[in-house]
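First comes the structure, then the notes that go with it.
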Amino acid sequence: MRRIKVLAAAFVVTSLAAAAAGNCAEGADGRQRFRDIYKELVETNTTLSVGDCTLAAQRMAARLKTAGYPDADLHVFVPEGHPKEGGLLAVLHGSDAKAKAILMLAHIDVVEAKREDWTRDPFTLIEEDGYFYGRGTSDMKAQAAIWVDNLIRYRGEHYKPKRTIKMALTCGEETNSALNGAGWLATNARDAIDAQLALTEGVDGDLDAQGRHIALEILAAEKTSQNFVFETTNPGGHSSRPVPDNAIYQLVRAVDRVSHYEFPVQLDDANRAYFTGMSKIVGGEAGAAMADVVRNPQDARAIAVLDKNQNWHAMLRTTCVATMLSAGHATNALPQRAHANINCRIFPGVTRDDILAQLVKIADDPAVVVTIPEVRGPAAKPSPLTPQVLQPIEKLAHEMWPGVPVVPALEPGASDAQFLNPAGIPTYGITGLFTDPDGGHIHGLNERIRVGSVYEGRTFLYRLVKLYAEQ
Ligand SMILES: [Zn+2]
1 MRRIKVLAAA
11 FVVTSLAAAA
21 AGNCAEGADG
31 RQRFRDIYKE
41 LVETNTTLSV
51 GDCTLAAQRM
61 AARLKTAGYP
71 DADLHVFVPE
81 GHPKEGGLLA
91 VLHGSDAKAK
101 AILMLAHIDV
111 VEAKREDWTR
121 DPFTLIEEDG
131 YFYGRGTSDM
141 KAQAAIWVDN
151 LIRYRGEHYK
161 PKRTIKMALT
171 CGEETNSALN
181 GAGWLATNAR
191 DAIDAQLALT
201 EGVDGDLDAQ
211 GRHIALEILA
221 AEKTSQNFVF
231 ETTNPGGHSS
241 RPVPDNAIYQ
251 LVRAVDRVSH
261 YEFPVQLDDA
271 NRAYFTGMSK
281 IVGGEAGAAM
291 ADVVRNPQDA
301 RAIAVLDKNQ
311 NWHAMLRTTC
321 VATMLSAGHA
331 TNALPQRAHA
341 NINCRIFPGV
351 TRDDILAQLV
361 KIADDPAVVV
371 TIPEVRGPAA
381 KPSPLTPQVL
391 QPIEKLAHEM
401 WPGVPVVPAL
411 EPGASDAQFL
421 NPAGIPTYGI
431 TGLFTDPDGG
441 HIHGLNERIR
451 VGSVYEGRTF
461 LYRLVKLYAE
471 Q
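Residue 1 is where the sequence shown starts when you use this note's numbering, and the numbers rise one by one after that.
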């Protein structure tokens with residue numbers, strides 16, 4: 001997934017888009033070839049229910065082979081027992097064997113989409129009114145298509161990078177219960193994806209309601225998603241004879257206490273940089289509150305202002321929220337069991353056990369048993385935002401979108417960075433794709449992205465990977 005935007009439309013416009021630097025692959029032929037790749041990816045259904053990531057991976061491998069990549073540098077991998085959840089690894093060899101590689105990472109699976117709910121067929125790439133429509137047009141087949149297109153362009157120019165450039169297309173990012181391809185690679189093919197740094201989705205550039213460029217975000221850290229279960233049990237009995245001990249009442253009181261609890265504000269490099277950068281762009285009361293909270297994370301007045309925005313509220317702290325509830329076994333019986341799922345989004349650096357201990361305190365009732373039902377992956381670890389990482393992004397942003405600031409962000413959701421960062425591959429979400437304030441309806445109905453944004457992102461990422469590859 002990537003950030004679902006809820007940024008207010010009250011941004012001050014700082015700049016208009018500048019024209020992209022031109023070269024021949026930027027022309028009509030190059031664009032058409034890119035568009036064909038994008039179309040093929042969008043039109044290959046890769047939902048978990050009926051889709052086929054392996055087929056999409058094979059199709060991309062075929063394009064790279066046609067472009068001249070030898071079989072030895074293309075590897076469609078299929079995790080055992082998951083025939084339709086495969087992916088693709090591809091390599092463009094660098095000249096310096098001692099320099100670590102750059103990894104272009106994209107998930108190619110998409111969220112489910114029902115034709116009857118959509119205005120247009122979700123699995124046909126439709127260009128209309130300046131937008132590309134279709135499931136995955138934004139999350140994240142545009143970037144996946146750009147990665148494939150990059151490799152084809154580099155090969156076509158006989159480009160010999162200093163660092164090896166790798167690409168991994170993976171499945172299983174969008175569904176919690178699915179096998180995650182990036183996680184599978186980190187466990188089973190760690191050497192094949194080893195890299196100085198990896199680039200993937202996470203946060204985008206921000207457009208205002210008029211389509212003007214506001215800020216280019218880079219994902220520097222993300223939270224860990226973790227479920228906890230609250231459970232109460234009771235001998236039960238006949239509902240005609242209630243007793244003071246009741247599993248449902250005990251549970252809902254504990255859940256209610258969670259609803260009233262707010263985790264303390266925390267600042268790290270990522271959200272500090274985000275609020276510092278955005279305070280100047282947003283301006284007004286919210287902008288002042290951002291600057292205040294960076295100066296003093298205990299500033300209650302500033303926190304109250306920022307908490308009105310659900311995105312900023314989530315970026316400031318760990319959050320926990322009740323997401324599922326089930327209780328009782330008959331309408332005429334006292335409940336023997338009640339349980340609630342509490343989904344927490346844990347701030348970077350805080351452990352699951354810390355949150356478990358805190359939830360036990362918040363529940364404040366020994367009758368409520370708090371447990372961790374399953375652990376999906378290691379806890380998220382932020383990647384350092386070094387000048388080596390930031391400077392190429394700032395340089396390109398300055399050339400392509402003069403005056404538009406680069407703003408690091410902490411992502412309340414999660415991406416495949418959660419699997420690569422703990423494996424020692426620093427992973428950054430950077431797309432160069434600028435999206436509308438509504439976020440392009442990712443995961444929802446009628447997903448879309450501006451046509452101009454896709455082509456701009458293509459130029460940006462083509463140049464950015466080269467800058468990293470020459471470092
Ligand atoms: Zn995604």
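Beta carbons are placed, not taken as given, at the ideal position from N, Cα and C, and that holds for glycine.
Can you determine whether any heavy atom of ligand 1 sits closer than 7 Å to the C-beta of Glu201, and answer yes or no?
yes
Who are the near neighbours of Pro373 in its chain, counting only those whose CB is closer than 7 Å to its CB and skipping five residues on each side?
The beta carbon of Pro373 is closer than 7 Å to those of Asn227 and Val229 in its chain, skipping five residues each way along the sequence.
Can you list, in chain order, the residues of its chain whose CB lies under 8 Å from that of Ala9, leaving out five sequence neighbours each side?
Annotation note: pLDDT 41 at Ala9 (below 50); position unreliable, coordinate value reported separately. A distance below 8 Å between beta-carbons, with the five flanking residues on each side excluded, links Ala9 to the following residues of its chain, in chain order: Asp208, Ala209 and Pro437.
Do the region 405-414 and the region 300-318 make contact, defined as three or more Cβ pairs closer than 8 Å?
Touching, yes, given that three or more Cβ pairs across the two stretches are closer than 8 Å.
Provide the residue(s) that pair with Arg337 in DSSP beta bridges, ordered along the chain.
Thr233
Note the first and the last residue of the continuous beta strand (DSSP E) segment covering His75.
Its beta strand (DSSP E) spans residues Leu74 to Phe77.
Which residues in the same chain have their Cβ closer than 6 Å to the Cβ of Asn271, if we skip the five residues on either side of it in sequence?
Met315 and Leu410
contact_flag[the region 234-247, the region 205-224] where n(CB pairs < 8 Å) is 3 or more
No: fewer than three Cβ pairs fall under 8 Å.
Can you give me the C-alpha to C-alpha distance between Asp292 and Glu217, rounded to a whole angstrom?
21 Å
Report whether the distance from the Cβ of Glu505 to the nearest heavy atom of ligand 1 is below 7 Å.
Nothing in the structure corresponds to residue 505, since the chain is present only between 1 and 471.
Smallest Cα separation from Thr232: which of Leu390, Val370 and Pro392?
Val370
Would you mind stating whether Glu112 and Cys171 have Cβ atoms separated by less than 8 Å?
no
How far does the alpha helix (DSSP H) with His213 in it extend, from its first residue to its last?
First-last for His213: His213 to Glu222, but that is the beta strand (DSSP E), not the alpha helix (DSSP H).
Going by DSSP, which residues form a beta bridge with Leu445?
Beta-bridge annotation (DSSP): Leu445 is not paired with any residue.
With Thr124 and Gly136 assumed to form a contact (beta carbons below 8 Å), what rounded beta-carbon distance in angstroms separates them?
Between Gly136 and Thr124 the Cβ distance is about 12 Å, and since that is not below 8 Å, they are no contact.
For the beta strand (DSSP E) containing Phe275, name the first residue and the last one.
From DSSP, Phe275 is part of no beta strand (DSSP E) but of the alpha helix (DSSP H) over Asp269 to Val282.
Taking 8 Å as the cut-off, decide whether the C-beta atoms of Ala106 and Ala254 are in contact.
no
Is it the case that the CB of Met400 approaches a heavy atom of ligand 1 more closely than 7 Å?
No.
Option in Ala469, Asp139, Ala178 and Leu92 with minimal Cα separation from Pro79
Ala178
How would you label Arg324, buried or exposed, when you count the other beta carbons within 10 angstroms and need 16 or more for buried?
Contrary to the premise, residue 324 reads as Met rather than Arg in this sequence. Exposed is the call here.
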